[in-house]
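The sequence shown: position 7 = -1 (this note's numbering), numbered continuously. I have placed the structure first, in the form of structure tokens, so that the comments after it can refer back to it.
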Amino acid sequence: MSRVLVVEDEAHLAQGLRFNLEAEGYSAEIAEDGETATDRLLAKKENFDAIVLDIMLPGKDGFSVVEELRAARNYVPVLVLTARGRPEDVLKGFAAGADDYLAKPFDLSILLARLQGLLRRSEWMRSAHAPEHSSASANGLQSPNTGDFATFSFDGKTIDFGKLELRANDTVVHLTLMESELLRHLIRNDGRVVSRKQILEEVWGLHEDTDTRAIDNFIVRLRRYIESDPAEPRHLLTARGVGYRFLANPETR
């Protein structure tokens, strides 16, 4: 039975979520504010399989909760609930380390589907590294569960999409899920320009205009991870006025 922590200060909504989650076979518990959530997750080190987290909380908000969890290397899947679902808030949540989002008011069936998706993804991450689940390929490993690569190697670096890690020599960088998904999308389109609009729609599922500086901020962070000199990138290039292009082997292009 999956254990879910609902972090929500509106008592009627929190109780309703717990009731419906338990009706679906989950074990659900409630934290009324961010301080209580981080105390249970970090200080007391309670184990949960997923977190349903409201952004607008009294005191410590949901963004801060996610940031503290990820800074402490706690990577429990987090589904954030946003009051208006503004793209800026969604991208801020992703930048903090959230795994998915849902705008209020929401349909219960959609929330359950999103939560199930996060739990399935976590299970795949745990199983993707078992020897029987992988086979070697030119650039990494292929996962039969997704038909996509589980790892990708280039220029002395290896990205492990299952563990959300980038390894280079003796250094390991832990990626957020959305950093990982953005890298995967760019790598999948190796050599091709990917527009900012494509990134918003195909990586983050946003279909309205937003400030594309949020995407640029993600790119700045990714360059710090993968480039020897982020100021003179070789692998993650800007297509001015359009978007970005990834090159695994820039010498051949």
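Even glycine gets a Cβ: it sits at the ideal position worked out from N, Cα and C.
Among the bridge pairs identified by DSSP, isoleucine 22 is matched with Val(-2). For the options Trp196, Ala29, Glu157, the alpha carbon positioned closest to that of threonine 168 is the one of Glu157. In the three-state scheme derived from DSSP, where H, G and I count as helix and E and B as strand, valine 195 is classed as helix.
In this structure, the alpha-carbon of serine 187 lies about 14 Å from that of alanine 206.
Put simply, of Ala63, Lys52, Ile43 the residue whose alpha carbon is nearest the alpha carbon of leucine 73 is Ile43. Shortest Cα-Cα distance from asparagine 161 to any of Tyr217, Leu45, His227 involves Tyr217. Cα atoms of leucine 104 and glutamate 173: separation of roughly 22 Å, rounded to the nearest angstrom. DSSP places lysine 84 inside the alpha helix (DSSP H), whose first and last residues are 79 to 88. The closest CA to that of leucine 192, considering only Pro225, Asp221, Leu229, Tyr236, is found on Tyr236. Selection Met48, Asp53, Arg10, Glu38 evaluated against glutamate 27 yields Asp53 as nearest (Cα-Cα). In this structure, isoleucine 22 lies away from glutamate 38, with their beta-carbon atoms at least 9 Å apart.
The continuous stretches of alpha helix (DSSP H) do not include serine 187, which lies in the beta strand (DSSP E) extending over residues 185 to 187.
Glutamate 16 and valine 234 have their C-alpha atoms spaced approximately 44 Å apart. In the three-state DSSP reduction, tyrosine 67 falls in the coil class, being neither helix nor strand. Less than 9 Å divides the Cβ of alanine 75 from the Cβ of isoleucine 47. In this structure, the beta-carbon distance from alanine 95 to valine 58 does not fall below 9 Å.
Taking C-beta atoms as the reference points, glycine 183 and phenylalanine 238 count as a pair closer than 9 Å.
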